[in-house]
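Novice: Okay, handing you the structure first.
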Amino acid sequence: MRHLPPAGTPVTLKDLLFWVRGMMASGREEERLRREIGRLFAVEHVFLVSTGRAAMAVVLEALREGSGRRDQVILPSYTCFSVPSSVVKAGLQVRFADMDPATLDYDYEQLERLDVSKVLAIVSANLYGIPNDLERLESFAADRQIRLVDDAAQAMGATAGSRHCGTFGDVGIFSLDKGKVITSMNGGIIVTRDDALAGHLGSICGRLPRQPVTQCVTEVVKAFGYAWFIHPSRYWLPARLPFLRLGETRYTTDYRIQRYCQPMAGLALRTLAALSVYNKARIDNGVYYRQALAETPGLHHVTLSPRGGPIYLRFPLLVEPSSKRRELLAVLRERGLGASGSYPTSLCDIDELGKYLADTGKQWPGGAEIARRIVTLPTHPMVGAADRSTVVKTVREILQ
Ligand SMILES: *Cc1c(COP(=O)(O)O)cnc(C)c1O
346 MRHLPPAGTP VTLKDLLFWV RGMMASGREE ERLRREIGRL FAVEHVFLVS
396 TGRAAMAVVL EALREGSGRR DQVILPSYTC FSVPSSVVKA GLQVRFADMD
446 PATLDYDYEQ LERLDVSKVL AIVSANLYGI PNDLERLESF AADRQIRLVD
496 DAAQAMGATA GSRHCGTFGD VGIFSLDKGK VITSMNGGII VTRDDALAGH
546 LGSICGRLPR QPVTQCVTEV VKAFGYAWFI HPSRYWLPAR LPFLRLGETR
596 YTTDYRIQRY CQPMAGLALR TLAALSVYNK ARIDNGVYYR QALAETPGLH
646 HVTLSPRGGP IYLRFPLLVE PSSKRRELLA VLRERGLGAS GSYPTSLCDI
696 DELGKYLADT GKQWPGGAEI ARRIVTLPTH PMVGAADRST VVKTVREILQ
């Protein structure tokens, strides 16, 4: 029974063997991983921590040191729920700026009118591996002397102009979680070219607690389970186990900020070595969906920024009306075709954030509209030619 995961990185038996052999032999993989990231993305400073959210929290904490009284962080109204949780963890306030549903990027006209006198930093989104207009965002931040954190958790390998996502502004992050571009089950990467900021980051990272051995052992075991069950011939099983809560998004600040689980570095290195191959497969699938669904009524494609090089971690569509979207998601899911409705609401609708918001009572309709309309199709390297044509046929069947 074929069942596609909505996102993922293939991990083969060969990958596992390579990783375990490296773990036994040298134990220097973490250093090699840092060097390799530095080389690939042309950045001087690379730090590894337990998760992407931990990376974001550490970055914001480092930016806060020496920032005076600026304590607000501008976030896009629709992005991963963990981003505001990192702001809260860093003791800062959340300030929303609305997004344009057509681009899944900031609405720059609104953004440029914001009063930024108390703003410490702004965070990009690069959702689904589609780069924001990072050159514009970088000038926005530089002109106002606020910091730009380039969140490339979903966009490792994507580009804007001639530069990589994650390397715009002052500092960037990548994630090594299971549904991201490459994986070691968990992990967060911080990259920067700013020496002074790197000093702060280094001292914060140096103080982070190590992960307990039991937690690292669990990660290793999890990687074997992941490698087995991510395959479309076996994914139906985890997809049916409700306690795994796959694809569920909940807001929480209940996680620890720790060092990276060192034994996992070899797996990250191994998947990193295949980054461009895996991304090529994702791009091929994305381009296919874009062409095959170009004329389909009732759906909108995301307008790409002119200098953007997306990697399509997933392929987003905006569908209306919501009854059609619900039907489309239900049918694609029932047939095991790896669709998802992405994050359930805009960040503005997370009740727990109430007391950390810099401005309440405002409306951010763009983020809410994205949440109401979005559907993502799977693009990962395990999506074959037959799969993607079935996905397209199904989308057409429902929407036409
Ligand atoms: C996944 C994600 C994060 C956080 O990464 P984790 O490793 O899952 O903690 C941050 N930002 C965005 C945009 C993400 O998609």
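For the sequence shown, the positions run 346 to 745 when our numbering is used. Using N, Cα and C, we set each Cβ at its ideal position, and we do this for glycine too.
Flag this pair as touching only if the region 421-431 and the region 707-719 have three or more C-beta atom pairs under 8 Å; answer yes or no.
Specialist: Touching, yes, given that three or more Cβ pairs across the two stretches are closer than 8 Å.
Novice: Say the cut is 7 Å; is the CB of S691 nearer than that to a heavy atom of ligand 1?
Specialist: The answer is no for S691.
Novice: What's the C-alpha gap between G413 and G643?
Specialist: G413 and G643: Cα-Cα distance of roughly 49 Å.
Novice: Under 8 Å, do F441 and T594 count as touching if we go by C-beta distance?
Specialist: Not closer than 8 Å, so no.
Novice: Nearest to G686 by alpha carbon, out of I527, T705, G570, L722?
Specialist: Of the candidates I527, T705, G570, L722, the one whose C-alpha sits nearest the C-alpha of G686 is L722.
Novice: Is DSSP giving M530 helix, strand or coil here?
Specialist: M530: coil per DSSP, three-state reduction.
Novice: Helix or strand or just coil, what does DSSP make of M444?
Specialist: Of the three classes helix, strand and coil, the one that applies to M444 here is strand, per DSSP.
Novice: Put G654 into one of helix, strand or coil per three-state DSSP.
Specialist: Note: G654 maps to strand in three-state DSSP.
Novice: Cutting at 6 Å between CB atoms, please list the residues of its own chain near L662, excluding the five before and the five after it.
Specialist: Excluding positions up to five away in sequence, the list reads L644, V720.
Novice: Are there three or more Cβ pairs, one per stretch, closer than 8 Å when the region 363-374 is compared with the region 697-704?
Specialist: In short, these stretches do not touch, since the Cβ pair count stays below three.
Novice: Relative to ligand 1, is the shortest distance from any of its heavy atoms to the C-beta of K567 smaller than 7 Å?
Specialist: No - ligand 1 has no heavy atom lying nearer than 7 Å to the Cβ of K567.
Novice: Pull up the distance between the alpha-carbon of G474 and that of T724, whole angstroms please.
Specialist: Spanning the two alpha carbons is a distance of roughly 11 Å.
Novice: Within a Cβ cutoff of 8 Å, which residues of the same chain sit near E672, ignoring the five residues on either side of it in sequence?
Specialist: The residues are I743.
Novice: Using 8 Å as the threshold, is the region 527-535 in touch with the region 559-573, meaning 3 or more CB pairs across them?
Specialist: Yes, the region 527-535 is in contact with the region 559-573.
Novice: Is the beta carbon of P726 closer than 8 Å to that of Y623?
Specialist: Yes, they are a contact pair.
Novice: Among the candidates Y453, S507, F363, I382, whose CA atom is the shortest distance from the CA of R652?
Specialist: That would be S507, whose Cα lies nearest to the Cα of R652.
Novice: Starting from I628 and walking both ways along the alpha helix (DSSP H), at which residues does that stretch end?
Specialist: That run of the alpha helix (DSSP H) goes 620-637.
Novice: By how many angstroms is the C-alpha of F392 removed from the C-alpha of R379?
Specialist: Using only the alpha carbons, I get a separation of about 7 Å.
Novice: May I have a chain-ordered list of the alpha helix (DSSP H) segments no shorter than 4 residues that lie completely inside the region 449-497?
Specialist: The region 449-497 contains these whole alpha helix (DSSP H) runs: 453-456, 479-488.
Novice: Say the cut is 7 Å; is the CB of D732 nearer than that to a heavy atom of ligand 1?
Specialist: For ligand 1, not one heavy atom lies less than 7 Å from the Cβ of D732.
Novice: Going by DSSP, which residues form a beta bridge with T357?
Specialist: None, per the DSSP bridge assignment.
Novice: Go through its chain and collect everything with a Cβ distance to C561's Cβ below 8 Å, but skip five positions before and after it.
Specialist: The residues are C606, Q607, P608, M609.
Novice: With burial defined as no fewer than 16 other Cβ atoms inside 10 Å of the residue's Cβ, what is the status of F588: buried or exposed?
Specialist: The residue is exposed, with fewer than 16 neighbouring Cβ atoms inside 10 Å.
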